[in-house]
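Every position in the sequence shown, counted from 1, becomes a number in my numbering once 53 is added.
First up is the structure itself, then whatever we jot down about it.
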Amino acid sequence: MSEKATTDVNEAGIAVHWQEEEYVHPTTDFIAQANMTDPTIHDQFGLDKFPNCFKQYADLLDWYEYWHTTLDTSDAPCWKWFVGGKLNVSYNCVDRHLADNKNKAAIIYAPEPESEDHLVLTYQELYVRVNETAALLQDFCGLKHGDRVTIHMPMVPELPITMLACARLGVIHSVVFGGFSGKACGERIADSGSNVLITMDSYYRNGKLLDHKVKADEAVAIANEEGQEVDKVLVWQRYRDKYNSETPMVDGRDYFTYDVLKEYRGKRIDPVWVPAEDPLFLMYTSGTTGKPKGCQHSTGGYLAYAAGTSKYIQDIHPEDVYWCMADIGWITGHSYIVYGPLTLGATTVMFEGVPVYPDPGRAWRIAEQLDVNIFHTAPTTIRMLRKVGPDEPAKYNYKFKHMTTVGEPIEPEVWRWYHKVVGRGEAAIVDTWWQTETGGFLCSTVPGLEPMKPGSAGPAVPGIHPIIYDDDGKEVGAGGGAGNICIQNPWPGAFQTIWGDRDRYVTNYYARYNTNPDSKDWRDWPYLTGDAATLSEDGYYRILGRIDDVINVSGHRLGTKEIESAGLVVQEVAESAVVSMADELKGVVPDLYVSLKPGYEANDALKKKIIDAVIREIGPIAKPAHVHIVRDMPKTRSGKIMRRVLSAISNGKDTGDVTTLANPDIVEEIQKMVQGG
Ligand code: WT7
């Protein structure tokens, strides 16, 4: 494990204590219908067949011009896939399904209030709405191929419609998770250079209609401060004939999308055929230091990889009803609610709200009513569903053939509840390990082929060749303990660069184990995932967590730096340090320590002010479990805050040897304060 991992805040080690579990085999019924049961599949995707093996995935797409070069490494480590090819993503997700399936449900939308009907968008309806929206973006907003647009929307059908409309024009979308603050959105607008923001007036969450448009005003202001003008704000409405927001529309800047759309009724826009290596979208994620990184994803490679993994790992057939409960504002939603399932012509379910509102049976009622047979969610949600309604699934008449878990390690005990109770002991489960950067899955069992092992992501998926290195670049083999898991080879779903910051891309992801920066050979550029992992003798990987300064809350990465700087915006705060604390439901949560400037007193009002600041700066997802106001931070003699010590205190663990600190006494004082006694 890296020096960092042992001396700094890190969560690697959560899963390391779990014992090896027995295999659980998929049922014969599942295998009989599975998309992939060919035992030679891993050979077909062996390193000796690389990169041409990925033709299999590219051929799931319709190409306007077929590509001539599978992988171009001339700008290593910025890989170009399927060079020479031209295609359009909205054509692949929508138009091409019309001939045979225009009346089939593309998207089924479940609003949070159960009093509201589900909305079914057929492929034909999706086609019409994507075209009209594309016409509006092109003519009214003046957007064209290569421009960036920021989309800050909740889970409503207008979100995938907007994304597909952008894709139709070759406009690069940057979807910001709806739960993020206006400030976080504004920073992303500025970084991506968007002059159009697409937002929504309101949405339901936990029974309340939340004002969302209010965030747009803040976002535009922040973007302006950072030098990015926003000329137009398009506002979709939760109810077409009503505006549900307290904030006034700004004259000449804000437009109700549905009003403007009236002028584009019946308009059709020819898909813009773009080169395979053109960017399709940006997705921001937290990194070790500084501001969020805009992961730039490609068009052809990304779509091929999303489609291939949706077909073989998600086992999606055209007749399946597939429900992924993620938010489209995260990469999971991009790849496995929108792009993968729609490319395959399946029916994808979208849910607006919280799966346990108004009661713990809600999710299972949706599954029953829509006859969902593939279900996809994260351990944090599974833990919540299990906590509030361990016996609820049995009360509903649904049957899943396949289920996914994603985003963080899943405890074997939680896995077993998922399998036995939610999956009736019959559903095949895939534990999919991947990242915002990777576009699609890295490790998972092929569900019709390989047995499941609770608590373990499984082997690498076809075409992915991981390697675990120790700090000196020596390979850690099977049974050899934990190390830094890397991927030896490029793959089509991998991000292309960090938007506007190639150096950071190379440094963060490829420099660690590269020995020749001038090399054009992909073999010299292992991709550093930033996770610690172990490999067991059977070739299954267990992912232990992040080795960098990133906290994975509910399966989503938050930078410790971002949370700490949010704490620092409060005037009274002198220093702030965040650590991850184990949490029964969310896996880990941020726990914040602050010290105050001289002359200020600790009190509850101040704690609340600090929590509010974090929510305002980042969003509720980053809310610290506690704010501990301490007299001083434990520090090394060189003045570095010892987050490791704070982390031990938050988690009730031994702080280890602290005698070499500059101020060892403070440790006991903080310990008393946090743990009592
Ligand atoms: C980090 C990526 C994957 C899309 C959603 C989150 C952790 C992800 C697993 C898993 C153990 C996992 C890793 C990874 N992670 N999936 N199945 N088992 N850990 O995307 O926000 O980019 O986070 O999530 O630490 O690096 P993300």
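Backbone N, C-alpha and C define an ideal beta-carbon position, used for all residues, glycine too.
Buried/exposed call for residue i, threshold 16 Cβ in 10 Å
i, result
"residue 268", "buried"
"residue 55", "Bear in mind that a pLDDT of 35 at residue 55, under 50, signals an unreliable position, so the number given afterwards is only what the model happens to contain. By the 10 Å Cβ count, residue 55 comes out buried."
"residue 725", "exposed"
"residue 303", "exposed"
"residue 718", "exposed"
"residue 159", "buried"
"residue 526", "exposed"
"residue 198", "exposed"
"residue 728", "exposed"
"residue 697", "buried"
"residue 639", "buried"
"residue 61", "In this prediction, residue 61 scores a pLDDT of 39, lower than 50, which makes its location untrustworthy; the coordinate-derived value is nonetheless stated afterwards. Buried, by the Cβ-count rule."
"residue 550", "buried"
"residue 707", "exposed"
"residue 70", "exposed"
"residue 164", "buried"
Alpha-carbon to alpha-carbon, residue j and residue i
i, j, result
"residue 711", "residue 686", "13 Å"
"residue 390", "residue 692", "47 Å"
"residue 259", "residue 132", "43 Å"
"residue 124", "residue 625", "54 Å"
"residue 555", "residue 536", "26 Å"
"residue 500", "residue 657", "51 Å"
"residue 226", "residue 312", "22 Å"
"residue 85", "residue 460", "29 Å"
"residue 409", "residue 416", "7 Å"
"residue 510", "residue 78", "15 Å"
"residue 153", "residue 177", "11 Å"
"residue 235", "residue 381", "18 Å"
"residue 119", "residue 376", "32 Å"
"residue 91", "residue 586", "28 Å"
"residue 314", "residue 582", "43 Å"
"residue 138", "residue 679", "52 Å"
"residue 278", "residue 494", "38 Å"
"residue 721", "residue 653", "22 Å"
"residue 115", "residue 145", "6 Å"
"residue 195", "residue 704", "53 Å"
"residue 481", "residue 663", "44 Å"
Below-9 Å beta-carbon distance, residue i vs any chain B residue
i, result
"residue 522", "Of the protein chains in this structure there is only one, and it is not chain B."
Run of the alpha helix (DSSP H) containing residue i, from where it starts to where it stops
i, result
"residue 438", "432-441"
"residue 394", "393-396"
"residue 613", "613-621"
"residue 261", "That residue, residue 261, is in no alpha helix (DSSP H); its beta strand (DSSP E) goes 261-264."
"residue 110", "108-111"
Beta bridge counterpart(s) of residue i as assigned by DSSP
i, result
"residue 253", "289"
"residue 348", "336, 551"
"residue 521", "538"
"residue 584", "599"
"residue 125", "133"
"residue 688", "694"
"residue 678", "Paired residue(s): none; residue 678 is not in a bridge."
"residue 505", "77"
"residue 328", "139"
"residue 230", "206"
"residue 496", "486, 513"
Nearest candidate by alpha-carbon position, reference residue i, set the options
i, options, result
"residue 122", "173, 163, 105, 601", "105"
"residue 599", "593, 404, 316, 641", "641"
"residue 254", "301, 102, 563", "301"
"residue 129", "96, 567, 689", "567"
"residue 378", "478, 696, 371, 434", "434"
"residue 291", "347, 172, 654", "172"
"residue 339", "374, 515, 557", "557"
"residue 508", "239, 531, 498, 709", "498"
"residue 110", "650, 363, 649", "363"
Boundaries (first-last residue) of the beta strand (DSSP E) holding residue i
i, result
"residue 594", "594-599"
"residue 644", "640-649"
"residue 458", "455-459"
"residue 631", "626-636"
"residue 483", "481-485"
"residue 657", "No beta strand (DSSP E) holds residue 657; the alpha helix (DSSP H) holding it covers 657-670."
"residue 149", "Where residue 149 is concerned, there is no enclosing beta strand (DSSP E), given that its DSSP letter is neither H nor E."
"residue 403", "400-404"
"residue 114", "Residue 114 -> no beta strand (DSSP E), and no H or E assigned at all."
"residue 161", "158-163"
Residue i: CB within 8 Å of a non-hydrogen atom of the ligand GDP
i, result
"residue 510", "The ligand GDP is absent from the structure shown, which contains only the ligand WT7."
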